[in-house]
């Protein structure tokens, strides 16, 4: 990055030091982890990829790089982190440290894309996450990759994830959270949403929410300064939400998409503005087993079917909600019942996705009350709830069936 941003993140400096994974004492790493940090990954990129610094599997073929440069239309070499930085500057992001925070999520996305591409054996780690789900080695490796990237940025104080459900200090060594050189940011994330469908080679994703300050507990989604969701499919894309207060004065809320191109060396603005139309007859009904003992949800699903809505449902929150953004509208629901409890977590999944939806002009609501998910307090890191996201008219229809409005 150029110095006029007022920030040169640690991850652009490059050295021979490998950063620790998040289970160790925070340090200030200066380059991405080697592939030895991810022992369950096999294989590497094709030999025709140019050599460069970054994640390496030990064979000499590097998988991810901060410094590998693409060439812009003027023939100038541009690093991957610089390409996303330039896009964010073009989107009027006013805080250089926030730019650094979002760029680190782009780096984490690139790292996870490599891990996903090179996985062969989807083996279990012998542990469970906070939901009681058995963890894949891939879940843990992606979690480590994100923690490494956010530590390298030097702008985050605290992080918590679905796989590491506690407020974890990610500050560089010898820096206090009250240090005057802030402001600091905190991030809640799901490193790999959809691991239960990964064996079928379905698209999966990562979800990130960024809050100002050093705490996550007691916050609300509306306090986020940005959120993002990565989609790993035939392409690797990153959808970013920026509320108006994170941009220059007078700029509105915005949701936009960037795509990882040129052998993962460069971010390209692929959709300048993502918006949701008022109505769209596309539905993604999550937790359908709840229709067995939730009569209102059962009636709503039957209405969608009888009214000839198009079903688009894969079983992964990221691809299902992302499809709504791709088609400029629709509705996603995940409703609970006594026999089918809520599973979506407010901190790691719902708040970030809710900001993306509302910045795109859509509407969100809690499953059982007329309240935006962005106005619900994170009073427990594992707080779970049912939701409805989507086009304004479609969410209003949800409220008619579920709330009697």
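Residue numbers (my numbering): 112 to 516.
Virtual Cβ for every residue (Gly too), placed ideally from N, Cα, C.
Along the beta strand (DSSP E) that carries residue i, what are the first and last residues, could you check?
i, result
"residue 445", "442-445"
"residue 382", "377-382"
"residue 348", "347-353"
"residue 371", "365-372"
"residue 269", "267-272"
"residue 194", "Premise fails: residue 194 lies in the alpha helix (DSSP H), 191-201, not in any beta strand (DSSP E)."
"residue 420", "Unbroken run through residue 420: none, as it is neither H nor E."
"residue 397", "393-397"
"residue 204", "Residue 204 -> no beta strand (DSSP E), and no H or E assigned at all."
"residue 302", "296-304"
Distance, Cα to Cα, residue i vs residue j?
i, j, result
"residue 393", "residue 421", "5 Å"
"residue 411", "residue 488", "28 Å"
"residue 118", "residue 269", "Confidence at residue 118 is low in this model, with a pLDDT of 40, below 50, so the placement of that residue is unreliable and no value is reported for it."
"residue 189", "residue 197", "10 Å"
"residue 177", "residue 215", "Reliability of the predicted coordinates at residue 177 is poor, the pLDDT of 47 falling under 50, and no value is obtained from them."
"residue 311", "residue 376", "27 Å"
"residue 287", "residue 313", "42 Å"
"residue 332", "residue 503", "19 Å"
"residue 355", "residue 361", "8 Å"
"residue 350", "residue 413", "31 Å"
"residue 519", "residue 379", "The structure shown does not extend to residue 519, since the chain spans only 112 to 516, so no value can be given for it."
"residue 435", "residue 505", "12 Å"
"residue 479", "residue 493", "19 Å"
"residue 228", "residue 272", "22 Å"
"residue 486", "residue 385", "23 Å"
"residue 199", "residue 210", "7 Å"
"residue 208", "residue 266", "6 Å"
"residue 424", "residue 217", "26 Å"
Span of the alpha helix (DSSP H) holding residue i?
i, result
"residue 210", "207-228"
"residue 509", "503-514"
"residue 258", "248-264"
"residue 426", "No alpha helix (DSSP H) contains residue 426, which DSSP labels as neither H nor E."
In the structure shown, what three-state DSSP assignment does residue i receive?
i, result
"residue 499", "strand"
"residue 402", "helix"
"residue 479", "coil"
"residue 322", "strand"
"residue 462", "helix"
"residue 408", "helix"
"residue 344", "coil"
"residue 231", "coil"
"residue 437", "helix"
"residue 311", "helix"
"residue 357", "helix"
"residue 316", "strand"
Assuming residue i and residue j form a contact by the criterion Cβ under 8 Å, report the distance between their Cβ atoms to the nearest whole angstrom.
i, j, result
"residue 395", "residue 448", "At roughly 18 Å, the Cβ-Cβ gap does not stay under 8 Å, so residue 395 and residue 448 are not in contact."
"residue 297", "residue 327", "5 Å"
Quick check: is the beta carbon of residue i nearer than 8 Å to any beta carbon in chain D?
i, result
"residue 469", "Chain labels in this structure do not include chain D; a single protein chain is all it has."
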